[in-house]
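Chemist: End of the sequence shown = 762 in the numbering used here, gap-free, step of one. Quick one: this structure, given as structure tokens, is what I'll be asking you about.
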Amino acid sequence: MRNQESVAERDLFGTASVFFTTISTILGAILFLRFGWATANVGFLGVLCIIAIGHFVTIPTAFAISEIATNQKVEGGGVYYMISRSFGLTIGATIGIGLYLSQAISVAFYVIAFAEAFRPIFATLQETYSWGAIDPRFVSVPTVLALSAMMLLKGAQVGLKILYLVVATLFISLLSFFLGDRLITSPPGMLETINSPESFFTVFAVIFPAFTGLTAGVGLSGDLHDPKTAIPRGTLWATILGLFIYVAVAWKLSVSASLGDLESDQFIMSKISLWSALIPIGLACACFSSALGSILAAPRTLQALAQDSIFPTSNLNSWLAKSIPGSREPINSLLVTILLALFFVAIGDVNFVAQVISMFFMVTYGAICLVSFLEHCGADPAYRPTFRSRWYISLFGGVTCFYLMFQMSAVYALIALISMIILFVAVSHYNPDKRELASVFRGVIIQVSRRLQIMIQRAEADIPYKPWRPSFVCISEASFRRTFALDLLRWISRRYGFGTFIHFMPGYFSKAVCDDAQAARTKLRQRANAKKSNVYIDTLVSPSYTSAISQLVQLPGIAGQENNGLLFEFSKSNFENLDRIIENIPLARAAGFDVCLLGTCEKGFGYRRELHIWITPVDYENASLMILLGFVILGHPDWRKATIKIFAIASESPNVDDRALFLDLIQSGRLPISPNNIQIIPNSAISMGRALINEWSRDADLTMVGVQADAIKRLGTEVFTDYDGVGNILFVCSASEKELVEVVSEEREASVAASESPISDLEPAA
């Protein structure tokens, strides 16, 4: 076992492997084939702007990669691993698949460009032997096959050794170019361009793939001895060196050849070079090394995706994750990459392939910068990278990525984004267990929520009028036996209100009780999540019910909204817990809370088609709360087919038109209640007591009845009994009249003063 570990340890790579893989991909085909054309179309200063804008993306991305890599252990998959462990597997896999496609397509891009290096040889053969036109694919296809055979038979170790030799040859060819003579005596001005040049962003779209190599070295993360050191150093050194080389090449081209030659001759560097044959060799080395760097990284990204079980079937994941026995070579992922590269090689269009690559890389780079930015915003103490960037650098890099996508090609940008959306939907569908809220998002949400709550708290004193909205807290010991209270909170908190459900656990706090409370909270949250609830759920351990209520009324509200209501629940079949609920109502009233008691039965909430509200002449405080709660509940999709019916006991005064008052109430309050659903009941019917409600609301799915605090104090449990003829019933005791009723007429005030007995005060009817 130790021998195997020592062999594995010796096979791991260091900083040099990251540097050479990255620089070989950065200094690719575009440097040799398209930089002269770019200089002719936008001028030397224009090329400098392209280089600068390109590095506005790559340098923040390199900083972000270095930062993330020095904070966490980066395993196989490189950039995909970083993104998925920050954004979560669903988003990470979506971006990871796009990254893999861009890496695999890059192999084809560089091999197509590699074939371009043989054009001088093709021309010589045509002149010497009178051959016809030679298709570059006669070179590109065998090259892909040769690369594939080398990787399959020898692996990354041999590939990197060849890479070192190829990069050395590449630098020798560049040195020959810089030592070459000028072809002209009077160089064009720095802003001078050819006639009818291409637009700036058209040129940028062609040139940008030259800057996309910085993630190639990161793809070796699973094969590195110390990724936290090798990735930042290798990536940053390669990015900075690449920047200087690109500027130097652009300057040398601009002062050494005419604009016409730069535009028409893609091998102009060969004519400038001290030894012209070195440039095609350098081009071949650049393309070969870039293709080699990409073919090293792409299969490892695909293998990492499979190891996370992202793909639809376990057999496919196992097949793609397979490595050659005794090594880390992703054999089957490499085969898939080869087939994909061969497909794009068969297309043979360099510019088309460059457009596709650019968009996928842009999305990936933007995501990397966004990870760094969100980590800064989340302020997670666990995020302690030894290399630190700045949040504004990462934000700038991310915004620049997405801006440049649409500047380069709106069509390709839309195609890339739509592809990402489709991939996200597919990954989510096949991986429902991976739809977690990533820690980076959770940290940002916590910080934003904290700042907003503090801002609201500071601003409260300056608000002369605060509109009422329900923010109820419910406490229940029967959370797992009866879910009606949780359902009611779910309906209230869907949009207009807020709900907090507390599972009460009597007893003294201890480690064992704490563990039980956490288990109960997890179970309740799972149930709530299954119903897509917006209710905040927690548990409370307290030695007595009274102490628990005292804690609840002092509980901070969620989202900066102070709690203003307390919801109790009891079973109408045995009135379990009702006595102690009544004993603690004064605590809630002392805190200025509205109090609601939900009496439940086997019928439950029925079909959720009818909601009945009963109002008496002295019930205006409760009436406004009941009507508002009815409106809020009907806003939930579960009650979308329901109607509100109001049953109002007429006042004793013959001068009061009760129906007109309620119609005006509905109209001024903009309430979704039909005038046909307002039933005015003669005052004489009040003598029927609760039998009246049992008769008229027997088919209701939820009945609301107002109760008075003094009646509860005087009559106790009798206030809530003898409602056996109805289903679930909500008793409402409002702390104050809500805004729904702004003006009460003198006639109504007189009527209220003259009335004595609301329904809740009546003795049970015989």
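We put the CB at the ideal spot given by N, CA and C, even for glycine.
May I ask you to report which of helix, strand or coil DSSP gives Val739?
Modeler: As a position in the sequence shown, residue 739 is number 743, starting the count at 1. At Val739, the pLDDT of 37 sits below 50, so the modelled position is not reliable; the number obtained from the coordinates is stated separately. Of the three classes helix, strand and coil, the one that applies to Val739 here is coil, per DSSP.
Chemist: List the endpoints of the continuous alpha helix (DSSP H) containing Gly32.
Modeler: By one-based count along the sequence shown, residue 32 stands at place 36. From DSSP, the alpha helix (DSSP H) with Gly32 extends over Phe31 to Ala65.
Chemist: To which residues does DSSP link Gly73 through a beta bridge?
Modeler: Counting from one through the sequence shown, the residue named residue 73 turns up at place 77. BP columns for Gly73 are empty, so no partner.
Chemist: Within the same chain, show all residues whose beta-carbon is closer than 6 Å to that of Leu279, passing over the 5 residues directly before and after it, in chain order.
Modeler: Along the sequence shown, one-based indexing puts residue 279 at 283. The beta carbon of Leu279 sits closer than 6 Å to those of Phe28 and Ala113, all from its chain and outside the five residues before and after it, given in chain order.
Chemist: Which one or two residues does DSSP pair with Val701 in a beta bridge?
Modeler: Along the sequence shown, one-based indexing puts residue 701 at 705. Val701 pairs with Trp610 and Phe727.
Chemist: I believe Cys281 touches Thr165 by the beta-carbon criterion, under 8 Å. Please report the beta-carbon distance rounded to the nearest angstrom.
Modeler: Sequence index remark: in the sequence shown, residue 281 carries index 285 (1-based). Sequence index remark: in the sequence shown, residue 165 carries index 169 (1-based). Contact annotation, Cys281 with Thr165: C-beta distance approximately 5 Å; criterion of less than 8 Å satisfied.
Chemist: Can you have a look at Ser250 and say buried or exposed, based on whether 16 or more other CB atoms are within 10 angstroms of its CB?
Modeler: One-based indexing of the sequence shown puts residue 250 at position 254. Burial call: buried.
Chemist: Report the option in Leu551, Ala234, Pro321 and Lys528 whose CA atom is closest to the CA atom of Thr11.
Modeler: Taking the sequence shown and counting its residues from 1, one reaches residue 11 at position 15. Among Leu551, Ala234, Pro321 and Lys528, the Cα nearest to that of Thr11 belongs to Ala234.
Chemist: Could you tell me which residues DSSP puts in a beta bridge with Ser472?
Modeler: Here the question's residue 472 lines up with position 476 in the sequence shown. Ser472 is bridged to His499.
Chemist: Would you report the Cα separation of Leu330 and Pro193, rounded to the nearest angstrom?
Modeler: Counted from its first residue, the sequence shown places residue 330 at position 334. Counted from its first residue, the sequence shown places residue 193 at position 197. Taking the straight line from one Cα to the other gives about 41 Å.
Chemist: Taking buried to mean at least 16 other C-beta atoms within 10 Å of its own C-beta, is His425 buried or exposed?
Modeler: Counted from its first residue, the sequence shown places residue 425 at position 429. By the neighbour-count rule (16 or more Cβ atoms within 10 Å), His425 is not buried but exposed.
Chemist: Count the other CB atoms within 10 Å of the CB of Met(-3); is the residue buried (16 or more) or exposed (fewer)?
Modeler: By one-based count along the sequence shown, residue -3 stands at place 1. Only weak support is given to the placement of Met(-3): the predicted model assigns it a pLDDT of 40, under 50, and the value that follows is read from those uncertain coordinates. Exposed.
Chemist: Just to confirm, are Ile578 and Gly685 a CB contact at a threshold of 7 Å?
Modeler: Within the sequence shown, numbered from 1, the residue matching residue 578 stands at position 582. Within the sequence shown, numbered from 1, the residue matching residue 685 stands at position 689. It is not a contact, given that the beta carbons lie outside the stated cut-off.
Chemist: Which value, in whole angstroms, describes the spacing of the CA atoms of Arg486 and Ala526?
Modeler: For this step, residue 486 is matched to residue 490 along the sequence shown. For this step, residue 526 is matched to residue 530 along the sequence shown. Per the coordinates, the alpha-carbon of Arg486 lies some 12 Å from the alpha-carbon of Ala526.
Chemist: With Gly39 and Glu259 assumed to form a contact (beta carbons below 8 Å), what rounded beta-carbon distance in angstroms separates them?
Modeler: On the sequence shown, position 43 is the one that residue 39 refers to. On the sequence shown, position 263 is the one that residue 259 refers to. About 12 Å; that fails the 8 Å criterion.
Chemist: Short of 8 Å in beta carbon distance, which residues of its chain neighbour Ser540, apart from the five on each side in sequence? Order them along the chain.
Modeler: Against the sequence shown, residue 540 aligns to sequence position 544. These residues qualify, in order along the chain: Pro502.
Chemist: By the DSSP assignment, the beta strand (DSSP E) with Phe566 in it spans what residues?
Modeler: As a position in the sequence shown, residue 566 is number 570, starting the count at 1. Counted as a single uninterrupted DSSP element, the beta strand (DSSP E) harbouring Phe566 occupies residues Gly561 to Ser567.
Chemist: How is Asn267 classed by DSSP in three states: helix, strand or coil?
Modeler: Numbered from its first residue, the sequence shown carries residue 267 at position 271. The question names Asn, but residue 267 in the sequence shown is Lys. Helix at Lys267.
Chemist: Any idea if Asp222 is buried or exposed, counting beta-carbon neighbours within 10 angstroms, 16 or more meaning buried?
Modeler: Taking the first residue of the sequence shown as 1, we reach residue 222 at position 226. It counts as exposed.
Chemist: Using alpha carbons as the reference points, say which of Gly92, Ile674, Gly24 and Leu210 lies closest to Val359.
Modeler: As a position in the sequence shown, residue 359 is number 363, starting the count at 1. Residue Gly92 is the option with its Cα nearest to Val359.
Chemist: In its own chain, which residues sit with a C-beta less than 6 Å from the C-beta of Val740, not counting the 5 before and 5 after it?
Modeler: As a position in the sequence shown, residue 740 is number 744, starting the count at 1. Here Val740 scores only 39 on pLDDT, less than 50, and its place in the model should not be relied on; the value that follows carries that caveat. Excluding sequence neighbours, Val740 sits near nothing in its chain.
Chemist: Among the candidates Phe16, Ala619 and Ile533, whose CA atom is the shortest distance from the CA of Leu292?
Modeler: Taking the first residue of the sequence shown as 1, we reach residue 292 at position 296. That would be Phe16, whose Cα lies nearest to the Cα of Leu292.
Chemist: Using 10 angstroms around the beta-carbon of Arg446, count the other beta-carbons present and answer buried if the total reaches 16, otherwise exposed.
Modeler: Here residue 446 corresponds to residue number 450 of the sequence shown, with the count starting at 1. Exposed, because fewer than 16 other Cβ atoms sit within 10 Å of the Cβ of Arg446.
Chemist: Would you kindly work out how many angstroms separate the C-alpha atoms of Ala584 and Lys568, rounded to a whole number?
Modeler: Here the question's residue 584 lines up with position 588 in the sequence shown. Here the question's residue 568 lines up with position 572 in the sequence shown. Looking at the two C-alpha atoms, the distance is approximately 22 Å.
Chemist: Hey, which unbroken runs of the alpha helix (DSSP H) at 4 residues or more fall wholly within the stretch 480 to 527?
Modeler: 480 to 488 and 507 to 526
Chemist: In chain order, what residues of the same chain lie with their CB nearer than 7 Å to the CB of Phe369, ignoring the 5 residues before and after it?
Modeler: Sequence index remark: in the sequence shown, residue 369 carries index 373 (1-based). Counting only Cβ-Cβ distances below 7 Å, and skipping sequence neighbours, we find Trp387, Ser390, Leu391 and Gly394.
Chemist: Counting only the same chain and skipping the five closest in sequence on each side, list residues whose C-beta sits under 8 Å from that of Val14.
Modeler: Locating residue 14 in the sequence shown gives position 18, counting from the first residue. So the qualifying residues of the chain are Gly213, Val214, Leu216, Leu220, Ala226, Ile227, Arg229, Gly230, Thr231 and Ala234.
Chemist: Under 6 Å Cβ to Cβ from Leu482, same chain only, skipping five residues before and after it: list those, please.
Modeler: Along the sequence shown, read from residue 1 onward, the residue named residue 482 stands at position 486. Hits under 6 Å: Phe497.
Chemist: Taking C-alpha atoms, which residue in Gly50, Gln299 and Phe398 lies nearest to Ala100?
Modeler: Looking up residue 100 in the sequence shown gives position 104. Cα-wise, what sits closest to Ala100 is Gln299.
Chemist: If distances are taken between C-alpha atoms only, which option among Phe716, Ala109, Leu85 and Met186 comes closest to Ala36?
Modeler: Numbered from 1 along the sequence shown, position 40 holds the residue referred to as residue 36. Nearest C-alpha to Ala36: Met186.
Chemist: Check the C-beta distance from Gly626 over to Arg296 and give it rounded, since I have them as a contact under 8 Å.
Modeler: If you number the sequence shown from 1, residue 626 lands on position 630. If you number the sequence shown from 1, residue 296 lands on position 300. No, Gly626 and Arg296 are not in contact; Cβ-Cβ is about 60 Å, not under 8 Å.
Chemist: Just curious, the alpha helix (DSSP H) that Gln547 is in, first and last residue?
Modeler: Here residue 547 refers to the residue found at position 551 of the sequence shown. Element bounds for Gln547: Tyr541 to Leu548.
Chemist: Reducing DSSP to helix, strand and coil, say where Cys597 ends up.
Modeler: Stepping through the sequence shown from its first residue, residue 597 is reached at position 601. Coil.
Chemist: Throw me the rounded Cβ distance for the Met622 and Val703 pair, which I believe falls under 8 Å.
Modeler: As a first step, residue 622 must be located in the sequence shown, where it is residue number 626. As a first step, residue 703 must be located in the sequence shown, where it is residue number 707. The pair is not a contact, with the Cβ atoms about 11 Å apart (cut-off 8 Å).
Chemist: Which residues in the same chain as Asp512 place their Cβ atom closer than 8 Å to its Cβ, once the five residues preceding and following it in sequence are excluded?
Modeler: Sequence index remark: in the sequence shown, residue 512 carries index 516 (1-based). So the list reads Met501, once near-sequence residues are dropped.
Chemist: Does the stretch 596 to 613 come close enough to the stretch 629 to 636 to have 3 or more Cβ pairs within less than 8 Å?
Modeler: yes
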